[in-house]
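One structure is given here, and the rest of the page talks about it.
In my numbering, the protein residues as written are 120 to 241.
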């Protein structure tokens, strides 16, 4: 989708990543990364990322909070959403520190993730 805001989705489960991309695709352009190192590498190549949505647990690929913290330090204007089925025990301090701006539980209500991004980008 040309001209649409670009959202980086970091998700280690391919089926979930594709489902999120489909859900957001009507309003946003989406790029996918499967782990923290590849998400950060992609972000270093793409200055046009408008928002990032990351799962918390990325298997052996680090933590989604690591990705969100990288964005907080290097691109503080980029909205950061943690997307997880499990609330991380350190979520409160991460929100206070500013790494996580919003938390969306998996599975989200219909349109919840899209509405959250729309609000953060407005």
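All C-beta atoms in this analysis are idealised placements derived from N, C-alpha and C, irrespective of residue type, glycine included. Nothing here was measured: the structure is a model prediction, and the numbers come from that model.
CB of residue i within 8 Å of CB of residue j, strictly
i	j	result
residue 153	residue 183	no
residue 126	residue 155	no
residue 130	residue 174	yes
residue 197	residue 176	no
residue 140	residue 128	yes
residue 225	residue 203	yes
residue 151	residue 162	no
Strand pairing of residue i, partner residues [DSSP]
i	result
residue 184	Partner(s): none; residue 184 has no beta bridge.
residue 125	148 and 168
residue 199	171
residue 224	203
residue 176	182
DSSP three-state assignment for residue i, whether helix, strand or coil
i	result
residue 219	coil
residue 204	coil
residue 120	The predicted position of residue 120 is uncertain, since its pLDDT is 49 and thus under 50; a value taken from the coordinates is nonetheless stated next. Of the three classes helix, strand and coil, the one that applies to residue 120 here is coil, per DSSP.
residue 133	helix
residue 157	helix
residue 194	coil
residue 230	coil
When the options are compared against residue i, the one with the closest alpha-carbon
i	options	result
residue 189	231, 151 and 157	157
residue 124	131, 139 and 143	143
residue 237	173, 145 and 161	145
residue 195	178, 239 and 160	239
residue 160	122, 217 and 193	193
Beta-carbon separation (whole angstroms), residue i vs residue j, contact threshold 8 Å
i	j	result
residue 221	residue 200	5 Å
residue 64	residue 235	With the chain running from 120 to 241 in the structure shown, residue 64 is simply not present.
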